[in-house]
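Heads up, the sequence shown stops at 446 in our numbering, and the numbers go up one at a time, no gaps.
All C-beta atoms in this analysis are idealised placements derived from N, C-alpha and C, irrespective of residue type, glycine included.
The structure under discussion appears below in the form of structure tokens.
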Amino acid sequence: MMTKRSRMIRMTMNKTAYPVPDCPEYTGNGIRYTGLCSPKFRSCLLTLHFYVHRTPETAPVHALLTDLLTASSEAYPDHAALSLRLESLYAADLSAKLTLCGDDAALVFTASWLDDRYALDGEQITAQMLELVLGCLLHPNAANGAFLDPAFRICKQNLLDDIDCACNDKREYALQQAAEAAYSGTPAAISVHGSREYAECITPEQAYQVWQEILRTSFTDIICVMPEPKPEIRDAVLNAMNSIRREPEIFSFAAPVQPRTEPVCKTAFMPLEQSKLVLVYRYDDIPREVLAVLCGVLGGISESLLFLNLREKQGLCYYCALQSSGFKHTLTIDCGIDAEQAEAVQAAAAEQIRALQTGQFPAEMMQQAVLQYEYHAAAVQDAPDSLAASAAAMHRRNDPRTPAMLAEAMRQVTRKQIAEAAKQLRLHTVCLLRAEDGEEAVPDAG
């Protein structure tokens, strides 16, 4: 039965047209450009995704480059100068992050600025921002084949600090430990920042060489969100990228984890107030819309099977969350628990999966899963960065469906499909981050 809230969201999804991207333009040298226009925005957003293969040696360099290339350039040799320049352009912004994609990763550079129509005295903000962004990427703060200090030294220290602080977020640390056990021997086991051992060895020359190699070999996905068509953005970016000698590599993000006859169990001890349990399940091949509903029913909605039974009814955990990796074909459950409850939590989680396999769950849960996705899908249209991220995800999955189209497919998913999909789930890895003796006392939030 459709509630008033679900009807309102359905109306929003139907009345607000999802901005359909231009047909992605492939230049033939490993570059793809996509334009998205929505007249309700007053700013422009440009994202450049440089896809890379990962190794233990290059992983920390990739993390370093996202900081270094947005902190300075040849024209603005320190962070203060670059920040002042951005501030002068109506508080424009330039940032970067590293996104993991199965065994590979993407260095994602994002620039946003006020549309020219709203600038005073007809100032051309777009042209100035394109010059600044392309300068940072193609003319970095380097000389003689090496990045220059003090920018390099500062960014390297930032990276080392991030690596040292990674264990402070106990939940994320437990998830990383589980990933290392589940994906052992593959690049997916490498943390987002890489190891301290290799980070300490990064030199200005090595970092510069890796960046030049990325410019030469990466598959580059360029997405621009703007109020109206702006061919000058496309022309400027593609002309700059096409000036580079390119030998792009092939990227196929799907890299399913290998099956195991028995799950691997890993236990680590740390001084914490709350133990962490991570369960990694593997599946063979589940359609995306079916997986989305399954994950919602199992652990994604506010009254999911895991929440209602493990936390509310049985009181076995302080929190219970679920996430999936379509590229690795894994589904991960992580909980905050008292260590002595680890076996009971694992057994209770298995019981919820058996409930899915036998179809023993309320139909309302499926409706709530779709409704929650529709709510988030409607919100995607409200921000340029969300639209760009959605388009990039569509490209990586090789799935042309917009969020609204996927929501429609989710509404057609049946209980039988959920049950058959759940039968594919096999426990693959168990990771317990256990509180040291005498430490476990006060519940925390994660």
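- If one requires a minimum length of 3 residues, the beta strand (DSSP E) runs lying completely within the region 27–80 are 31–37, 43–53, in chain order.
- About 15 Å separates the beta carbon of I353 from that of L277, a gap too long to meet the 8 Å contact definition.
- Shown here, T217 sits in a helix according to DSSP, grouped into three states.
- Sequence-distant Cβ neighbours of F147 in its own chain, meaning closer than 6 Å and more than five residues away, are P204, A207, Y208.
- Secondary structure note for A379: its alpha helix (DSSP H) is the uninterrupted segment 363–380.
- Counting C-beta atoms within 10 angstroms of its own C-beta, N141 has 16 or more neighbours from the protein chains shown and is therefore classed as buried.
- In this structure, DSSP gives I202 a state outside helix and strand, which the three-state scheme calls coil.
- With contacts defined as CB atoms closer than 9 Å, S43 and S95 fail to qualify as a contacting pair.
- Residue A348 holds the alpha-carbon nearest to the alpha-carbon of C335 among G326, H329, A348, K328.
- Scanning its chain for C-beta atoms nearer than 7 Å, with the 5 sequence neighbours on each side dropped, one finds around A189 the residues A179, E180, Y183, in chain order.
- Under the 8 Å Cβ criterion, the region 221–237 counts as touching the region 43–61, having at least three qualifying pairs.
- By the neighbour-count criterion, in which 16 or more other beta carbons inside 10 Å mark a residue as buried, S302 falls on the exposed side.
- Between the C-alpha atoms of A75 and I244 there is a straight-line separation of about 20 Å.
- According to the DSSP assignment, Q323 belongs to no alpha helix (DSSP H) but to the beta strand (DSSP E) extending over 319–325.
- The alpha carbon of L175 has as its nearest neighbour, out of L279, F361, G359, Q258, the alpha carbon of L279.
- Per DSSP, the unbroken alpha helix (DSSP H) holding F152 starts and ends at 151–165.
- The shortest CA-to-CA distance from L68 to any of I31, A292, N29, L82 is the one to L82.
- Taking 4 residues as the minimum length, the alpha helix (DSSP H) runs contained wholly in the region 286–318 are 288–295, in order along the chain.
- Considered as a whole, the region 83–144 harbours 93–101, 104–114 as its complete beta strand (DSSP E) runs of no fewer than 3 residues, in chain order.
- In the three-state reduction of the DSSP assignment, I190 falls in the coil class, being assigned neither a helical nor a strand state.
- The Cβ atoms of L138 and A240 sit closer than 9 Å to each other.
- 9 Å or more divides the Cβ of I286 from the Cβ of L298.
- Here DSSP, grouped into helix, strand and coil, assigns H395 to helix.
- Its chain contains L82, G135, C136, H139, P140, N141 as the residues whose beta carbon lies nearer than 7 Å to that of S73, once the 5 sequence neighbours on both sides are disregarded; these appear in chain order.
- Uninterrupted beta strand (DSSP E) stretches at least 3 residues long and entirely within the region 224–251 do not occur.
- Boundaries of the beta strand (DSSP E) harbouring K266: 264–270, taken from the DSSP string.
- Residue L331 holds the alpha-carbon nearest to the alpha-carbon of V257 among G28, V61, R396, L331.
- Relative to the Cα of P384, the nearest Cα in the group S38, S195, A422, N242 belongs to S38.
- Assigned with DSSP and collapsed to three states, L427 falls in strand.
- If you draw a straight line from the Cα of V345 to the Cα of E312, it is about 13 Å long.
- For the 9 Å CB-CB criterion, V413 and V290 form a contact.
- Straight-line spacing of the CA atoms in M365 and S304 works out to 7 Å.
- Among the bridge pairs identified by DSSP, F147 is matched with A142.
- The Cβ-Cβ distance between L159 and Q128 does not fall below 9 Å.
- Contact fails between the region 224–238 and the region 246–261, because fewer than three Cβ pairs, one in each stretch, are under 8 Å apart.
- Taking all protein chains in view, the Cβ of R282 is crowded by 16 or more other Cβ atoms within 10 Å, so the residue is classified as buried.
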